[in-house]
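Residue numbers (the working numbering): -17 to 809. Just so you know, even glycine gets a beta-carbon here, dropped at the ideal spot from N, CA and C. Report on the following structure.
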RNA sequence: GCGGGUAUGGUGGAAUCGGCAGACACAACAGACUUAAAAUCUGUCGGGAUUCGUCCCGUGCCAGUUCAAGUCUGGCUACCCGCACCA
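Written out as structure tokens, the structure is:
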């Protein structure tokens, strides 16, 4: 019996319980059906779901349920990215152990996900902070180590004083920590790195394979990888018997070099200044620059500063002596840490040379103007003809580039080189709540990886959490002290843990065989399910997580563990949830809690609103009244189905569709138009907002024939209600399940097949055709659909209104678009 | 500076291949029902003019292509995002 009013609370808990008990969304390998892997980015268990999560999961759930109804074998899992700083901070602040804080949060958030009615296969849940997961994170570290892709080196690294740990380049946003926003400083430390730069070319080139990714994300990755083609060669410093290698992309301007300049951290600086009058001054300058923060150091607005070292280098093409400088604008990490100075053709060099009165030489002349130094206001970095360039003068500069590179290579003093902006991934963290790096230091044997059979290296539970610069693990004597796996002598464990982004770089593989305890994953299963067919998440991971995951996938492919080259075939980046013009955040005080919305209106309404208010990629404006509207729609749908229910239930078995009245025909036409439109919107465009609006129109059409009541045929009503419930099921799974079980009553609506479109139902005999005169709509007339253009023209010209309007004018041309319009061009 | 994106009623948005701009909602207003309110159902709803037939204007701005432009081309403006002294 269907109640008069739609009251979500009871039916939602009822069906959630039913789905959980029947394992409704469990999946196994099935080679009879096509597979589809839909994945939402797993959350950090911060404590509660926010609207961004609700949006993310609602989108994924619609796709998963829709694909399942279309006959796909759907994998739709969920898990927890559960290592990381907030848990440890909570431990320091409140004295709660990170493990219990994290597990409590997981339990709470999982309950909220269940309340949203999400169709996850919970048997596949993964939790990265648990030993059965991080054991394999550690195993992967060993794999990287074995392949030479994990190494430890002393380097100037990003350090966050607030978080007391180092950070990867990708985690420094505008010179600040991605997590706590405090200023990042440079520290000289020995740290573990993953050699992502080895994969720079493939990470860049394979972006072209990713047809299902937004251009925005691909462009961001492209910029981040930052490939450039150039040449590397050296300037000799004969007095010291040293060479200064430089990298340039403008070797065509090499005859314009008037100085060479090193980064302050360049290893040659000390040697160059030794014994020189300016030694102390240069050293002071270098120290001052090194102590500046990353942001003030690298900003383009920062004024260029430098000092002459007192040394001279020899120009390899002209043999001229050029001064060697040190300057703040040269970065030690990029290229060779030294550059050639060409003031006339590089903006930075121009500013620098102008400030310190260094010589400028024009060596490229553009076609349309004559460059004269005295008249130049800045550098000219465009193309042109090479001048003052010895044997290369007269060449087009692009041609000259390659001739100069040939010259360097032939003489053996330089070579073509490709450079990347991408740096190796700094993966060690001086924190407790992460996967311990499985490395042992032995005085006798050196750096020794932990044997795979000794994994996991468990986090000790009994440690001291106090704010301070030393990681709790480093203070845990029982953890640090160990035996060397090689010589059995006394040794020490690595006390750094891994960046949490490592845990999240491979979780989507683990879902395919989450309980595997003899391998990182089952190869058969991983190859059956991967790649992820549809990945959904926020744009904030455009570089970080998505680049790291691509890197991991390529390494695992090279190791022969998987056969895919890219992890995520299609990527959907959802927009933010906005309220009152700003992203929902505690500090802005504009947060709407999913819990409150579910309590008041139910999960179906929350899902409907969030999918209806905007297409998924766009930012979504939260509106309390809009939510009300979605609830009203579900109620309205409920009432009309309830009204037609008795006729459908009383219908004798086997009764088929009879002759349709005009109104019935129209209702059936709207139904099949809706099936077509919703199917297209969901499968081809992911435009859930227009899919929902079309379903609303179907419900409106059902209301329009309501007064015909019992004269409507039961088989038609059944067809309409059955299709309506199935179309709406992915969006509002509870209310449709309830009505399905009451009215149609065959199993679960979510196990039904997707409604089939009957093209015959939408066929009409007549259409309204627009009549235009000179492109302006002047009239509309109903015409038969089969009308030929000549007949359309004749009909159009015979209309009274048209005749009046063209009276006394000459018809120049008539354009007829069948079933659409007739445009009469007159003079 | 380089790269990417967005701009449509009071609001969110629709118009998918160049063919009726504003679907579907929200808000507002009106009517029905009600003692009344809520809920519900029905209707109006870009701006201006109107003899109520219609007519003119209108998709950030300026040009262009076309019988026809929110949609294509060129040039701007504003805002958002990413990278940025990468030689």
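Taken in chain order, the whole alpha helix (DSSP H) runs of length 4 or more contained in the region 517 to 566 are 526 to 540.
As the crow flies, the alpha-carbon of residue 696 is around 28 Å from that of residue 613.
Beta-bridge partners assigned by DSSP to residue 244: 308, 320.
Looking only at 57, 83, 670, the smallest Cα-Cα distance to residue 65 is reached by 83. Taking C-beta separations shorter than 8 Å and ignoring five residues to either side along the sequence, the partners of residue 279 in its chain run 271, 310, following chain order. Contiguous beta strand (DSSP E) elements confined to the region -13 to 54 occur at 17 to 22, taking only those with 3 or more residues.
In chain order, 458, 461 place their CB closer than 6 Å to the CB of residue 442, counting only its own chain and leaving out the 5 sequence neighbours on each side. By the neighbour-count criterion, in which 16 or more other beta carbons inside 10 Å mark a residue as buried, residue 639 falls on the exposed side.
Between residue 751 and residue 765 the beta-carbon gap is near 5 Å, inside 8 Å, which marks them as a contact. For residue 0, the closest of 730, 258, 284, 513 by C-alpha to C-alpha distance is 730.
A distance below 8 Å between beta-carbons, with the five flanking residues on each side excluded, links residue 158 to the following residues of its chain, in chain order: 164, 165, 166, 277.
Between residue 492 and residue 108 the beta-carbon gap is near 5 Å, inside 8 Å, which marks them as a contact.
Taking C-beta separations shorter than 8 Å and ignoring five residues to either side along the sequence, the partners of residue -14 in its chain run 621, 624, following chain order. Along the length of the region 453 to 510, whole alpha helix (DSSP H) runs at least 4 residues long occupy 454 to 457, 459 to 462, 482 to 485, 489 to 492, reported in chain order. DSSP, read as helix, strand or coil, puts residue 783 in helix.
Within the model, the alpha-carbon separation for residue 518 versus residue 333 is close to 46 Å. In this structure, DSSP gives residue 133 an extended state, which the three-state scheme calls strand. Classified as exposed, residue 569 has fewer than 16 neighbouring CB atoms from the shown chains inside 10 Å of its CB. DSSP, read as helix, strand or coil, puts residue 658 in helix. Only exposed fits residue 783, as fewer than 16 other CB atoms lie within 10 angstroms of its CB. Rounded to the nearest angstrom, the Cβ distance from residue 383 to residue 233 is 6 Å, consistent with a contact under 8 Å. Residue 713 and residue 736 have their C-alpha atoms some 13 Å from each other. Residue 541 sits away from residue 135, with the two beta carbons spaced by 8 Å or more.
Distance from residue 173 to residue 139 at the Cβ level is roughly 6 Å; contact confirmed, criterion being Cβ atoms closer than 8 Å. For residue 187, the enclosing alpha helix (DSSP H) covers residues 182 to 187.
Secondary-structure assignment with DSSP links residue 210 through a beta bridge to 401. Residue 289 sits in a strand when the DSSP states are folded into three classes. Assignment of residue 583 by DSSP, reduced to helix, strand and coil, places it in the helix class.
Secondary-structure assignment with DSSP links residue 418 through a beta bridge to 479. The DSSP-derived three-state label of residue 67 is helix. The criterion of a C-beta distance shorter than 8 Å is not satisfied by residue 119 and residue 464. By the neighbour-count criterion, in which 16 or more other beta carbons inside 10 Å mark a residue as buried, residue 392 falls on the exposed side.
Between residue 649 and residue 573, the gap from beta carbon to beta carbon reaches 8 Å or more.
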